[in-house]
Amino acid sequence: MTSLVRYGSIFALVALGAACGGDDDGNPLFPTGTGGSNTGGAGGMGGAGGAGGAGGEGGEAGCPDGFEDCDGDPTNGCEVEFASDLANCGACFSVCLGASATCSGGECSGVTELAGLQGEPNHLAVDGTNLYWTSVTDVNLGEVRQMPKQGGAVLNLGVDQPLPGAIAVNATSVFWANLNSPVINRATIGIPDAGLFAQDAGALWGIAADAEAVYWTRDDGELANSGIVRAPLNGGAHTLIVPGSETPYAIAIDSTSVYWTDRSAGQVLKAPLTGGTPEILAETQPQPYSIAVDAAHVYWTNRACSPGGGQAVDCVMRVRKDGMDQPVSLADGQSVPYSIAVDGQHVYWTDAGLQRVLRTPVEGGAIETLASTQAGLVHMVIDDTHVYWANEGDGGSIRKLRK
2 MTSLVRYGSI FALVALGAAC GGDDDGNPLF PTGTGGSNTG GAGGMGGAGG
52 AGGAGGEGGE AGCPDGFEDC DGDPTNGCEV EFASDLANCG ACFSVCLGAS
102 ATCSGGECSG VTELAGLQGE PNHLAVDGTN LYWTSVTDVN LGEVRQMPKQ
152 GGAVLNLGVD QPLPGAIAVN ATSVFWANLN SPVINRATIG IPDAGLFAQD
202 AGALWGIAAD AEAVYWTRDD GELANSGIVR APLNGGAHTL IVPGSETPYA
252 IAIDSTSVYW TDRSAGQVLK APLTGGTPEI LAETQPQPYS IAVDAAHVYW
302 TNRACSPGGG QAVDCVMRVR KDGMDQPVSL ADGQSVPYSI AVDGQHVYWT
352 DAGLQRVLRT PVEGGAIETL ASTQAGLVHM VIDDTHVYWA NEGDGGSIRK
402 LRK
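Set out below in structure tokens:
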């Protein structure tokens, strides 16, 4: 995949060096994982791309319910019926993909492309109404974008961002990390008012947000200065609340704790949201990468696990939050697992090597392929009804599929 090769140059720009080690087949700029909508990862470099996917907002005045003027041509009026139009299924420019695709009741039978020509979209976040993502549109610049989950107009919340990567959302704001300038920026949901939230140092790989604060992983290259950072939303100073992590990477939170992966140390850890001594939930893990949590467990991807002493493969793993069991593998034989999410019934992940979106029951079992041949597949998020993901290939796109 050409996008994975290109990201190697940015790896040098953010000065992570060889700390992550041995990841020639993957993209070190893409830590991610979520058990909901408030965690994020990091992104990288890409080719030029436009906003894409505009439409579905406004349209021809007086269009009957369920119809819209998507092409803006006054001569053909309200030319689209959302309930059945394959190229505008449920919203303008929401395209049903596949030779056998159908659009019924405004829902595609298979994969829906919500937005195309996105440059190189990377990490996503989701709430009850919208999708949010960072997209690299030039060598060192990118944008932060928002659109309704059903499709429609794409809104640029922040433009000319110096390599936007990790992204998270809470009830009022969107937060993201810029990798070429180690800052956390912020925009109000639905308003293009991007501005500085916190100036930091090092590589800021993962991010999460709740109603009280924003949390991120900082890899400063110095053990004492690397770890988990917390910044209160009320404007107080950000603080390194858990120092001493070698290469803190992806991050997830719940109501009491913060969880993260440390790739070089081979660990999965947790600590109180306000800081404190970290607890190691799993160790001797071969390159733990993405992370997600549900009510009882922590889930992550390993980039080089070797079950049974066989050939090295990647794995999807689980351990109890209270640390009272040993890590177990839910999926062996993976190629390049990236993003991971969990909904209480299934664990979902993207595999960039296999170009597939997959899932398995949280207790383990058969692995189900939800979508295949996804060029440049990287990150994903989920909500109650759908899986959403970003593809870097073919001009860059945001896609979804009903669970």
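In this text, residue positions in the sequence shown follow this note's numbering: the first is 2, and each later residue adds one.
Glycine is no exception: its CB is placed at the ideal position from the N, C-alpha and C atoms.
Predicted, not measured: the structure shown is a model, and the values here were computed from it.
| Asked | Found |
| --- | --- |
| Kindly indicate which three-state DSSP category residue 141 falls into: helix, strand or coil? | coil |
| Below 8 Å on the Cβ atoms is my guess for residue 183 versus residue 166; work out the distance and round it to an integer in Å. | In fact, because the Cβ distance is near 11 Å, the residues do not count as touching under 8 Å. |
| Judging by CA-CA distance, which residue of 125, 335, 148 is the nearest neighbour of residue 168? | 125 |
| Can the beta-carbon of residue 360 be found less than 9 Å from the beta-carbon of residue 373? | no |
| Mind listing, in chain order, the continuous beta strand (DSSP E) runs of no fewer than 3 residues lying wholly within the segment 261 to 336? | 268 to 273, 280 to 283, 289 to 294, 298 to 306, 314 to 321, 329 to 335 |
| Taking the beta strand (DSSP E) that residue 244 falls in, what are its first and last residues? | 240 to 244 |
| Which same chain residues, not among the five before or five after residue 231, have their C-beta less than 6 Å away from its C-beta? | 214, 216, 240, 242 |
| Going straight from the alpha carbon of residue 282 to that of residue 365, what length do you get? | 19 Å |
| Classify residue 192 as buried or exposed, calling it buried when 16 or more other Cβ atoms lie within 10 Å of its own Cβ. | exposed |
| In chain order, what residues of the same chain have a beta carbon less than 7 Å from the beta carbon of residue 403, not counting five sequence neighbours either side? | 108, 386, 387 |
| Using alpha carbons as the reference points, say which of 268, 342, 95, 100 lies closest to residue 127. | 342 |
| Taking the Cβ atom as the reference point for each residue, do residue 315 and residue 337 lie within a distance shorter than 9 Å? | yes |
| Distance, Cα to Cα, residue 255 vs residue 392? | 28 Å |
| Mapping DSSP to helix, strand and coil, what is residue 164? | coil |
| Could you spell out the range, first to last residue, of the beta strand (DSSP E) harbouring residue 220? | 214 to 220 |
| For residue 370, does the count of other Cβ atoms within 10 angstroms reach 16, so buried, or fall short, so exposed? | exposed |
| Between 376, 295, 226, 98, which has its C-alpha nearest residue 322's C-alpha? | 295 |
| Measuring CB to CB, does residue 181 end up less than 9 Å from residue 195? | no |
| Check whether the segment 83 to 101 touches the segment 129 to 146, counting contact only when three or more Cβ pairs, one atom from each stretch, lie closer than 8 Å. | no |
| Taking the beta strand (DSSP E) that residue 182 falls in, what are its first and last residues? | Where residue 182 is concerned, there is no enclosing beta strand (DSSP E), given that its DSSP letter is neither H nor E. |
| Does DSSP put residue 118 in a helix, a strand or coil? | coil |
| Just curious, the beta strand (DSSP E) that residue 253 is in, first and last residue? | 249 to 254 |
| Does DSSP put residue 123 in a helix, a strand or coil? | strand |
| Starting from residue 369, follow the beta strand (DSSP E) in both directions and report where the run begins and ends. | 369 to 372 |
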